[in-house]
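**Student:** Numbering (this note's numbering), first residue to last: 2 to 300.
All residues carry an ideal CB built from backbone N, CA and C; glycine is no exception.
This one's a predicted model, so the numbers in the text were calculated from it and none came from an experiment.
Below is the structure I would like to discuss, written out as structure tokens.
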């Protein structure tokens with residue numbers, strides 16, 4: 002069972018879920034309006050060979066609900082803070098996700114190395130895995146701090162310019178949720194059923210009148226808006242570590258973006274997942290596992 006810990010990034014409280022395990026560290030980032038539990042299936046097998054940390058990103062899940070800053074830079078700083086926190090020597094200061102005492106917060110600031118795992122005194126580089134906007138954040142972290150990322154996995158994410166109507170479409174979709182949902186089962190049906198529907202429903206919280214999202218929709222729109230005014234090809238070309246890009250057959254990444262990613266960084270490994278949509282980590286976890294395992298075993 003994962004242990005929930007608290008990390009402070011610039012004063013914002015982040016909930017990180019330590020799935021333990023041994024070996025090189027892995028950090029998992031969910032997409033917009035998501036939660037770290039989306040990665041439970043992935044964390045289960047990765048923790049057999051890796052130390053796995055899944056993050057509830059700011060404004061989402063169990064992390065601080067209304068941070069003032071939801072810029073791309075703030076999300077990047079959060080991931081850097083998480084990587085720089087020492088986990089191995091903090092036994093006894095975490096809490097499980099089932100009502101135990103609050104963990105002791107650790108303040109980790111960008112540029113301050115808290116973890117001493119390498120010969121030069123810096124934090125051990127991680128395998129950084131992100132889906133959708135989480136994959137975009139992962140890419141920006143790898144570009145900004147190559148010393149912290151040994152390998153990058155972007156699942157249904159791209160540095161390209163978002164579709165002109167993308168932000169408005171997401172805003173309409175979030176506004177269409179018939180909240181409160183009467184039950185997780187009803188929510189799962191609304192989200193299309195299957196593993197993806199169940200994954201989205203698992204991100205809800207129960208209140209007196211029903212089940213609600215664990216985020217402010219307006220804050221999610223702001224988060225996406227900050228990523229939308231421009232493309233991020235310059236940052237993509239700055240990524241120096243081995244990179245796997247996972248694309249779903251029915252995903253949202255344009256083929257022109259995938260072609261440009263490969264053209265500008267020819268060593269990029271591309272994996273195409275048949276029969277899956279944007280939430281490939283929920284819909285096809287076995288195929289995603291095979292792609293990630295093949296990628297990591299070759300490096």
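Does the count of Cβ pairs from the region 193–210 and the region 146–156 closer than 8 Å reach three?
**Tutor:** No, because fewer than three Cβ pairs between the region 193–210 and the region 146–156 fall closer than 8 Å, the two stretches do not touch.
**Student:** Please list the segments of the beta strand (DSSP E) lying wholly inside the region 148–177, counting only runs of 3 or more residues, in order along the chain.
**Tutor:** The qualifying runs are 150–156.
**Student:** Spell out the partners DSSP gives residue 7 in its beta bridges.
**Tutor:** Residue 7 sits at position 6 when you count from the first residue of the chain shown. Bridge partners of residue 7: 16.
**Student:** How would you call residue 258, buried or exposed, if buried means at least 16 neighbouring beta carbons within 10 angstroms?
**Tutor:** In the chain shown, counting from the first residue as 1, residue 258 sits at position 257. So residue 258 ends up on the buried side.
**Student:** Would you call residue 7 buried or exposed, if buried means 16 or more other Cβ atoms sit within 10 Å of its Cβ?
**Tutor:** As a first step, residue 7 is located in the chain shown; it is residue number 6 there, counting from the start. Answer is buried; the Cβ neighbour count reaches 16.
**Student:** Using DSSP with H/G/I as helix, E/B as strand and the rest coil, what is residue 132?
**Tutor:** Indexing the chain shown from 1 puts residue 132 at position 131. The answer is strand: DSSP assigns residue 132 an E or B state.
**Student:** Just to check my reading of the structure: residue 128 and residue 283 have Cβ atoms closer than 8 Å, yes? What is that Cβ distance to the nearest angstrom?
**Tutor:** The sequence position of residue 128 within the chain shown is 127, counting from 1. The sequence position of residue 283 within the chain shown is 282, counting from 1. Between residue 283 and residue 128 the Cβ distance is about 20 Å, and since that is not below 8 Å, they are no contact.
**Student:** Whose C-alpha, out of 209, 250, 177 and 183, is nearest the C-alpha of residue 218?
**Tutor:** Within the chain shown, numbered from 1, the residue matching residue 218 stands at position 217. Among 209, 250, 177 and 183, the Cα nearest to that of residue 218 is on 177.
**Student:** For residue 227, which three-state DSSP category applies?
**Tutor:** In the chain shown, the residue the question calls residue 227 occupies position 226. Here residue 227 sits in helix by DSSP.
**Student:** Considering only heavy atoms of the ligand ATP, does any lie closer than 7 Å to the CB of residue 272?
**Tutor:** Only the bare structure without any ligand can be found here, which leaves the ligand ATP out of the picture.
**Student:** Going by other Cβ atoms of all chains shown within 10 Å of its Cβ, with 16 needed for buried, is residue 135 buried or exposed?
**Tutor:** Residue mapping note: residue 135 aligns to position 134 of the chain shown, counting from 1. Counting Cβ neighbours within 10 Å, residue 135 comes out buried, since at least 16 surround it.
**Student:** Would you mind reading off the limits of the beta strand (DSSP E) that contains residue 46?
**Tutor:** The residue labelled residue 46 in the question sits at position 45 within the chain shown. Premise fails: residue 46 lies in the alpha helix (DSSP H), 41–47, not in any beta strand (DSSP E).
**Student:** Assuming residue 30 contacts residue 130 under a Cβ cut-off of 8 Å, what Cβ separation, rounded to an integer in Å, is found between them?
**Tutor:** Here residue 30 refers to the residue found at position 29 when the chain shown is read from its first residue. Here residue 130 refers to the residue found at position 129 when the chain shown is read from its first residue. Going by Cβ atoms, the distance from residue 30 to residue 130 rounds to 7 Å, so yes, they are a contact pair.
**Student:** I'd like to check one pair, residue 245 with residue 154: are the Cβ atoms closer than 8 Å?
**Tutor:** In the chain shown, the residue the question calls residue 154 occupies position 153. In the chain shown, the residue the question calls residue 245 occupies position 244. In contact: residue 154 and residue 245 (Cβ atoms closer than 8 Å).
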